[in-house]
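Working notes for the structure below.
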Amino acid sequence: MVDTPQDTPNDEPPGAGLAARLRPHTGALSVGAVVALLAMPAGLQPWQTLLGYGFFTAGLLFWPSGRVGPRAKAEGRAAKISPRDFSVIEALDMPTVVFDQDTQVVSQNAAARALVGAYPERASLSARIRSPVILDLVARVLASGLTESVEYTERVPSERWHEVRVALIANGSSPESRLFVLTFRDLTEARRMDRMRTDFVANASHELRTPLASLMGFIETMQGPARNDVAAQTRFFGIMLEQAQRMARLIDDLLSLSRLEMRAHVAPDGEVDLGGTVAHVVDTIKPMADDLDVTVELDLPRDPITVTGDVDELIQVFSNLIENACKYGQTGKRVKIIVASTDEAGPHVTIQDFGPGIAKEHVPRLTERFYRVDVETSRAKKGTGLGLAIVKHILARHRARLVVRSTLGEGSSFTVKFSRNDPAKLPSPSELYK
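full-length UniProt numbering numbers the first residue of the sequence shown as 1 and each following residue consecutively.
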């Protein structure tokens with residue numbers, strides 16, 4: 001990347017170096033020549049005039065030698081580097097900064113400018129990077145010349161992880177003209193996935209352990225003190241059945257999530273009548289709504305609305321959302337469902353309850369696995385904590401979105417919005433998650 005004496009061609013003609021050194025002093029030499037010519041009529045001999053002019057020229061050539069400051073040296077090193085030398089790092093998506101022995105930034109690519117900000121010309125590395133961890137890493141590599149890396153965590157404005165690496169560029173140049181490269185590798189998504197897997201295993205184990213411990217306790221009681229107590233056995237059998245059903249629901253939801261994740265990249269290709277599907281779900285859930293003393297109001301469009309999807313999965317989506325609205329919005333006594341299609345929003349279904357509502361800090365996390373606003377209430381209503389996570393995965397496969405709006409004391413609304421585009425032109429799952 002940097003020109004070296006071995007790489008630089010030495011085909012300059014004799015005297016070219018002297019001419020190059022005289023070129024910056026052309027004005028001073030011209031003034032000196034005029035003064036010398038004017039001095040001859042004053043009585044100086046020609047040889048004296050030539051000797052004086054020679055000393056003047058020699059002074060211009062040799063007096064600045066050895067007095068170039070550190071900044072001038074740095075600029076000289078930078079002058080040897082052409083912009084083409086850094087065209088490779090500009091093409092990288094990994095944030096990359098090139099700096100010299102004095103930690104002055106020589107070049108940075110677009111990804112680095114987006115991450116740490118643009119450096120002014122010949123600015124120090126610490127002008128944008130102030131982390132002691134990274135600066136200590138740079139100091140160690142400058143001293144040893146050995147490649148090192150550290151993991152750096154950034155807490156604000158959002159939590160992010162990077163592997164920061166500093167390495168010497170092997171260019172065979174002198175120690176004063178050495179260059180170093182600083183790179184940032186984003187580990188944020190990997191760390192979040194690790195944390196998600198850890199939390200999932202811990203939560204699933206906890207959710208399964210609770211009913212299992214209850215079953216084991218009742219079995220031991222029935223084998224011991226309640227061996228001959230028929231009334232106690234009858235009551236315990238009912239509780240054991242509820243716990244077993246809870247475990248079955250949890251396992252079914254876990255299996256559903258697993259199947260959905262395996263098929264997340266495959267978009268469905270069936271045709272589904274949106275109004276008919278929602279009406280079928282309402283008919284199925286009506287007995288449960290009646291038991292909860294909740295009235296379900298259904299507003300269907302005059303004309304059929306057809307979307308691309310899997311009818312069984314969409315039934316699961318609307319069953320989860322309408323059942324949640326009836327259970328958790330029970331105090332509002334009614335649930336309103338609207339199926340519509342507009343030019344602005346496209347096909348959409350809104351399920352609105354008039355219950356206690358959800359605090360705004362909980363709304364962004366509602367679709368996380370095992371996340372509950374109120375753990376005791378959720379368990380009392382036989383929730384597994386996976387319903388909205390399943391809804392999110394199904395809608396992602398259908399290239400649809402879930403929009404949640406809630407006001408404390410007024411209720412909540414969950415709107416499923418489908419794409420208006422042709423199925424062949426639907427966005428990919430990665431675009432959807434953005």
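Just so you know, even glycine gets a beta-carbon here, dropped at the ideal spot from N, CA and C.
(Q) Rounded to whole angstroms, what is the Cα-Cα separation between A114 and D102? (A) 24 Å
Q) Is I394 closer than 7 Å to E271 when the C-beta atoms are compared? A) no
Q. Does the beta-carbon of L212 have 16 or more other beta-carbons within 10 angstroms, so that it is buried, or is it exposed?
A. exposed
**Q.** C-alpha distance - A110 paired with H206, whole-angstrom precision
**A.** 46 Å
Q.
Helix, strand or coil, according to DSSP, for P268 in the structure here?
A. coil
Q | Length-filtered (3 minimum) beta strand (DSSP E) runs lying within the stretch 346 to 419 | A | 346 to 353, 401 to 407, 411 to 417
**Q.** Distance between beta carbons of R334 and V278, contact taken as under 8 Å
**A.** 16 Å between Cβ atoms; not a contact.
Q | Host beta strand (DSSP E) of residue 505 (start-end) | A | Residue 505 lies beyond the residue range present for the chain, which begins at 1 and ends at 434; the question has no answer from this structure.
Q) By DSSP, does P70 sit in helix, in strand, or in coil? A) At P70, the pLDDT of 48 sits below 50, so the modelled position is not reliable; the number obtained from the coordinates is stated separately. Three-state DSSP puts P70 in a helix.
(Q) Can you tell me whether T147 is helix, strand or coil according to DSSP? (A) coil
Q | Collapsed DSSP secondary structure at L182 in the structure displayed | A | strand
Q: List the residues that DSSP assigns as beta-bridge partners of F99.
A: V105, F180
Q. How should T350 be labelled, buried or exposed, when 16 other C-beta atoms within 10 angstroms of its C-beta is the threshold for buried?
A. buried
Q) How do the stretch 249 to 265 and the stretch 220 to 233 stand: do at least 3 beta-carbon pairs fall below 8 Å, yes or no? A) no
Q: Look up Y119 in the DSSP assignment and say whether it is helix, strand or coil.
A: coil
Q: Note down, in chain order, each residue of its chain lying with its Cβ closer than 6 Å to the Cβ of T415, except the 5 sequence neighbours on either side.
A: H348, T350, V403
(Q) Do I305 and G275 count as a contact pair if the criterion is CB distance below 7 Å? (A) yes
Q | Residue closest to R197, alpha-carbon to alpha-carbon, out of R399, R235, G409, F370 | A | F370
**Q.** Cβ-Cβ separation, I129 to L135 (assumed contact under 8 Å), whole Å
**A.** 7 Å
Q. According to the neighbour-count rule (16 or more other Cβ atoms, all chains shown, within 10 Å of its Cβ), is E159 buried or exposed?
A. exposed
Q. Expressed to the nearest angstrom, what Euclidean distance is found between the alpha-carbon atoms of P287 and C326?
A. 11 Å
Q.
Looking at the secondary structure, which residues open and close the beta strand (DSSP E) in which R165 lies?
A. 160 to 168
(Q) Beta-carbon within less than 8 Å of S126's beta-carbon, same chain only, minus the 5 sequence neighbours each way: which residues are those? (A) T103, L135
**Q.** Residue closest to R420, alpha-carbon to alpha-carbon, out of L408, A400, S412, R405
**A.** A400
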